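The structure under discussion appears below in the form of structure tokens.
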Amino acid sequence: QVQLEESGGGLVQAGGSLTLSCVPSWNIFRFSRMAWHRQAPGNQRELVASMPTRSGSSTNYADSVKGRFTISSDNPKNTVYLQMASLKPEDTAVYYCQGILPSGYTYWGQGTQVTVSS
10 QVQLEESGGG LVQAGGSLTL SCVPSWNIFR FSRMAWHRQA PGNQRELVAS MPTRSGSSTN
70 YADSVKGRFT ISSDNPKNTV YLQMASLKPE DTAVYYCQGI LPSGYTYWGQ GTQVTVSS
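In my numbering, the protein residues as written are 10 to 127.
Below, the structure written as structure tokens:
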């Protein structure tokens with residue numbers, strides 16, 4: 010069973026920054042894409058950012074986070090990051106890491122809470 014372990018969530022003031030980390034139990038290259046999603050109370054889970062694990066396809070961001078969030082990977086550390094800057098109270102949510110296999114099957118982490126105070 011593949012596990013994706015997220016960390017880095019917490020409480021931050023509006024305008025602040027946080028970096029989330031996701032470490033899969035499989036080598037990151039076994040996934041075709043890695044992504045971060047978020048879910049706020051009462052809302053559906055939404056895609057925040059996604060990236061290919063190898064070159065050849067695009068990195069995508071939700072319009073609401075473009076210019077503020079950056080998804081990246083450190084392959085020797087087998088880690089995917091979500092760097093979040095200029096945080097807003099509306100960014101408050103549980104953030105989930107997702108790993109997508111070439112078959113399309115996906116794995117999810119347990120989530121990490123991000124709370125942005127105004």
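The C-beta atom is built at its ideal place from N, Cα and C for all residues, glycine as well. Nothing here was measured: the structure is a model prediction, and the numbers come from that model.
Proximity below 8 Å, CB of Val-74 to CB of Thr-101: Result no, Cβ atoms of Val-74 and Thr-101 do not sit closer than 8 Å.
8 Å Cβ cutoff met for Tyr-90 and Leu-29: yes
Test item: CB-CB of Ile-109 and Ala-49 under 8 Å: no
Own chain residues within Cβ distance below 8 Å of Gly-118, not counting five before or after: Correct list, in chain order: Gln-12, Leu-13, Glu-14, Glu-15, Cys-31, Tyr-105, Cys-106, Gln-107.
Through-space distance from Gly-25 to Thr-115, alpha-carbon basis: 31 Å
Beta-carbon proximity list for Thr-79, same chain, < 6 Å, skipping 5 on both sides: Gln-92
Nonlocal neighbours in the same chain, by C-beta distance under 6 Å from Pro-111, ignoring five residues either side: Same-chain partners within the cutoff: Ser-41.
Ordered list of beta strand (DSSP E) runs contained in the region 22 to 58, each at least 3 residues: 27 to 33, 42 to 48
Rounded C-alpha distance that separates Ser-81 from Ser-59: 9 Å
DSSP three-state assignment for Asn-84, whether helix, strand or coil: helix
Nearest candidate by alpha-carbon position, reference Pro-98, set Phe-38, Gln-10, Val-125: Closest option to Pro-98, judged by alpha-carbon separation, among Phe-38, Gln-10, Val-125: Val-125.
Identity of the residue in Pro-61, Thr-62, Arg-47 nearest Glu-55 by Cα: Arg-47
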